[in-house]
Structure formats: structure tokens, C-alpha cells
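Peer 1: Sharing a structure, written as C-alpha cells. Questions coming.
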Amino acid sequence: MQTIDLEELTGNGKVHNLSGHVRGLAARNAFGLDALDAAGDPVQVIVPDHVYSLSPSFVQGLFSASVKAVGNDPSAFFSRYLIVASDLVRRQIDRAMANITLDRDLSAH
Amino acid sequence: MAEAPVSSAQQIGWVISGLAIAASLAWNAFNWRHTNKKALETRSANFKSDQWASARARIEAALDSFSEAVESLLISTPKRSDPTFDDKFAPLNLTLSIKHGALSDALSDAQKNSLYISDRGWDDLAYGPLAGAETSWDRILSALDDVSTATNDEAAAAALASIKAHRAAVRQGIVDAVRIETGTHDPTPLY
Chain A
12 MQTIDLEELT GNGKVHNLSG HVRGLAARNA FGLDALDAAG DPVQVIVPDH
62 VYSLSPSFVQ GLFSASVKAV GNDPSAFFSR YLIVASDLVR RQIDRAMANI
112 TLDRDLSAH
Chain B
805 MAEAPVSSAQ QIGWVISGLA IAASLAWNAF NWRHTNKKAL ETRSANFKSD
855 QWASARARIE AALDSFSEAV ESLLISTPKR SDPTFDDKFA PLNLTLSIKH
905 GALSDALSDA QKNSLYISDR GWDDLAYGPL AGAETSWDRI LSALDDVSTA
955 TNDEAAAAAL ASIKAHRAAV RQGIVDAVRI ETGTHDPTPL Y
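Each protein sequence line maps, in turn, to chains A and B. The opening residue of the first sequence carries number 12 in the working numbering; numbering runs sequentially from there. The opening residue of the second sequence carries number 805 in the working numbering; numbering runs sequentially from there.
Encoded structure:
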């Protein structure tokens, strides 16, 4: 199983928050999510405990295309992308997922 | 013994009495239906108002907690060069994230209660207005990271100070939406 560890974005643990649509898209490119979507294999996504916030626009930049790739179906997305995160961050991802599936892009202006 | 003939005056009296009784019954029936309809409308309005009052109380409490968490972070964050910075700043950041999560939940529940509360895009209000491609919440998070990664006290202080304006932007959007929604539940509008 492929693994994406968001620890790589935290500057050795100095950064506690990941925000911004552009940074989400940059992370998507850095982790090669388009290729992972095409491969169709399960992917483990690790959000370290010292990350306290993922903003909806960051999550949209990171995962929006992957959700669309599985038919805009959150349960299909979560069965492919296994999120390992605190409850706090998991709820933030769930809220962002609602925006993705409703096509409400908070940064699309 | 032969019965006395009914006079015309008596007949007219009976007809009038009958009409009066029929009119009274019709009026009572109309009144009963009208009163029931009004009572139902009042109960519905009260129920809707109660639903909003409950959602409003939760939103305002969560908003106050969020604002206090920002204030606490602004006041309690030590200088970046302080050796205790990391130990003190991380819990303040975590508390702010938790409080913002509670605010998001309260607003999201208001959005789901669309039968009784108008759709004002409550979900998105937790993140504040867009400036460029980023919401106020994005900018708060970005500023928090800038504080953490700053290489000197001045840069950290500047990043920290910027949070206040973004907090105000989040707060104002929610306060405005709450005020407008409350106006729709006012039983005595000014117009």
C-alpha cells in the first residue's frame, strides 16, 4: 500500500496547520496523487498528531480531483484513501469533503 | 278542542328565530376554524423561533469561545526567541483549532436545520470572507505557521498581529448573519 505522510509538509514538526488551496494543489503534485488515482490502489494518508488544522481549501486542493475520480462519492474515496488522523482533523476533512461533493469550492473566486 | 290557528306574526317569528340560530351556528363554526388556524400559525411561529433561539445561543457561545481563544493566543504567545516558545505556542494553537471546530459544527447544524432557519450559507461563515484565493481562516492558519517558523521576534510579532483582523472578519460575517436571521423571527416588524 502506498503511503502519503503529511509530516513532509510540516518543516520537521514546526508547522501545526496546513491551509490554502494553492498549497493543497502543490501538495497534490508533490505526492503524485494523479498517478495514484490512475493506479487505483489503496493509499494510506497519515496526518501527524502535531497537525491541528487542515483548512477546507487545502483539503479541496489536495483531494478534490481524487474525489471526482471516484464519481464524487466520499465513501468510495475513503475506501481508497485511508486517512490516519486525530478526530479533530478527521472532522475537518469530513467537512471539507461535504464542500467538494457539493462543488462548493471556498477558493473558487 | 280545535287548535288555535298559527298567526302570520308567529310564523315570521319562528323563521327569524331559525335564521338567527343558523347564523349563530355558522358564525361559531367559522370562528372555531379561524381560531384554530391562528393558534396553529402561532404555535408554528413559536416553534420556529425556539429552534432559531437554540441555534443562535449555540452559535454565539461558540463564536465567543473562538474569539477568546484568539485573544488568549495573542496575549499568551511568548517571543519567538523565548526558549519556552514551542511548549507554550502549540497548546494555544491546538485550543484555537478545537474552538474553531466547535464553531464550524454549530454553524453546520444551523445549515442542516433549514426547515426552521433560513439558508444563509452558515457552513461557510466559519471560514470568513474570501480575500484573493484564501478565506480569513486560511489566513489565520497561515499566520500561525508564520509565527512558528519565524526566524526572529519581529517577524513572529507581525504575523501574530495580523491574526486580529482575520478574526474580526470571521466574527463580523457571523454576527451580521445572526442579526438578519433574528430579524426574520421578529413578530413585530417595523414595516
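No residue lacks a Cβ here, since even glycine has one placed at the ideal position from N, Cα and C.
Can you grab the Cα-Cα spacing for the pair D114/A / S68/A, in whole Å?
Peer 2: Approximately 12 Å, taken between the alpha carbons.
Peer 1: What does T881/B reach in chain A if we use C-beta pairs closer than 9 Å?
Peer 2: What T881/B touches in chain A: nothing, since even the nearest Cβ is about 13 Å away.
Peer 1: Work out the CA separation of S966/B and L93/A for me, nearest whole Å.
Peer 2: Each residue's Cα considered, the two are about 36 Å apart.
Peer 1: Exposed or buried, what is H120/A when buried is set at 16 or more other beta-carbons lying within 10 Å of its beta-carbon?
Peer 2: Unreliable positioning characterises H120/A in this predicted model, as indicated by a pLDDT of 39, which lies under 50. The coordinate reading is nonetheless provided below. Exposed: under 16 other Cβ atoms inside 10 Å.
Peer 1: Looking at chain B, which residues of the segment 87 to 105 of chain A have a Cβ within less than 9 Å of any of its Cβ atoms?
Peer 2: Cβ contacts with chain B come from L99, V100, R102 and Q103.
Peer 1: Chain B partners of S75/A, CB-CB under 8 Å?
Peer 2: Within chain B, no residue comes near S75/A; the closest Cβ sits about 14 Å away, beyond 8 Å.
Peer 1: Assign E938/B to buried or exposed, taking buried as 16 or more other Cβ atoms, counted over all protein chains shown, within 10 Å of its Cβ.
Peer 2: Answer is buried; the Cβ neighbour count reaches 16.
Peer 1: What are the partner residues of I15/A, as DSSP defines its beta bridges?
Peer 2: Paired residue(s): V56/A.
Peer 1: Could you check whether R975/B and L867/B sit closer than 8 Å to each other, using their CB atoms as the reference points?
Peer 2: Cβ atoms of L867/B and R975/B: closer than 8 Å.
Peer 1: Return yes when the Cβ of V81/A is within less than 8 Å of the Cβ of V56/A, no when it is not.
Peer 2: It is not a contact, given that the beta carbons lie outside the stated cut-off.
Peer 1: Counting only beta-carbon separations shorter than 8 Å, does V70/A have a partner in chain B?
Peer 2: Output row for V70/A: interface = no.
Peer 1: Below 8 Å on the Cβ atoms is my guess for S908/B versus A930/B; work out the distance and round it to an integer in Å.
Peer 2: At roughly 4 Å, the Cβ-Cβ gap stays under 8 Å, so S908/B and A930/B are in contact.
Peer 1: For I978/B and chain A, any beta-carbon pair shorter than 8 Å?
Peer 2: No - not a single Cβ of chain A is within 8 Å of the one on I978/B.
Peer 1: Could you spell out the range, first to last residue, of the beta strand (DSSP E) harbouring T95/A?
Peer 2: Thr is not the amino acid found at residue 95/A; the sequence shown has Val there. Its beta strand (DSSP E) spans residues Y92 to V95.
Peer 1: Counting pairs of Cβ atoms below 8 Å between the segment 976 to 993 of chain B and the segment 947 to 965 of chain B, do you hit three or more?
Peer 2: Contact fails: fewer than three Cβ-Cβ distances are below 8 Å.
Peer 1: Residues of chain A with a CB under 9 Å from the CB of T953/B: which are they?
Peer 2: Going along chain A in sequence order, the residues near T953/B (Cβ under 9 Å) are G22, K25 and V26.
Peer 1: Measure the alpha-carbon distance for A824/B versus A833/B and round it to whole angstroms.
Peer 2: Approximately 14 Å between the Cα atoms of the pair.
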